[in-house]
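Residue numbering for the sequence shown follows the working numbering, starting at 16 and increasing by one per position. Here a beta-carbon is modelled for each residue, glycine too, at the ideal position from N, C-alpha and C. Structure, as structure tokens:
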Amino acid sequence: MSPTTSLTTQLADQLDFHWTHQLRPRLDGLTDAEYRWEPVPGCWTVHADGGVDFSYPPPQPEPFTTIAWRLAHVIVGVFAARNHSHFGGPPADYLSWRYATDAATALGQLDEQYGVWTAGVRTLDDDALARPCGPAEGQWSEYPMMALVLHINREVIHHGAEIACIRDLYVHSTDEKEK
């Protein structure tokens, strides 16, 4: 990376590198069986009718979640809601979202929302990164947009690693399951 690379480029490139070289290739070949697999009883998931398990605040301890649920969280809560609030995307929230009932549709939604987010981030100049991110971010409304971009990077890396781990558990599990 050039020492003259802008802060915007560095922020966007951090997530893009992870997406391109780690997370997105790791999701290739995701099957519907993996997408819906419940590694432990009582998982929160996306159901066949498109309903999703959700409550706020969540119960304690928080339920373990399926790949379907974790992808839905990244698609809606991490990307789509922020795309709406900050980059002019369509309205998006947990209660009205049309959740994917299969892996291919979920990955399509993920790719679309990631694309909108990264394109939006790349439009931010230093002044925009320094401005408060605004009321859509609730108690963090006065934090600079740069903090939100870093938070989203961390969220995608964190949840992507969880999804990859669940895929590993699925492959190496001795439980009876559909492959």
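With a contact defined as Cβ atoms closer than 8 Å, L26 and L163 miss out at about 10 Å. Under the criterion of beta carbons closer than 8 Å, N98 and W132 qualify as touching, at roughly 6 Å.
When only Cα atoms are considered, D68 and T20 end up about 42 Å apart. Pairwise C-beta distances place the stretch 53–73 in contact with the stretch 109–124, as three or more of them are shorter than 8 Å. Each residue's CA atom was taken as its position, placing E170 and G153 some 17 Å apart. Here W59 carries a strand assignment [DSSP, helix/strand/coil].
Secondary structure of T35 (DSSP, three-state): helix.
Check the Cα spacing between L110 and each of N168, P159 and S70: the tightest is with S70. For T81, the secondary structure class from DSSP, reduced to helix, strand or coil, is coil.
Per the coordinates, the alpha-carbon of W112 lies some 13 Å from the alpha-carbon of G104. Annotated three-state conformation of P76 is coil, per DSSP. Taking the Cα of V186 as reference, the smallest distance to any Cα among I172, T46 and A87 is reached at T46. Membership of A107 in any alpha helix (DSSP H) is not indicated, and neither H nor E is assigned to it by DSSP. DSSP, read as helix, strand or coil, puts P54 in coil. Annotation: L45 is outside any alpha helix (DSSP H) and is labelled neither H nor E by DSSP. Counting of Cβ neighbours within 10 angstroms places A83 among the buried residues, the total reaching 16 or more.
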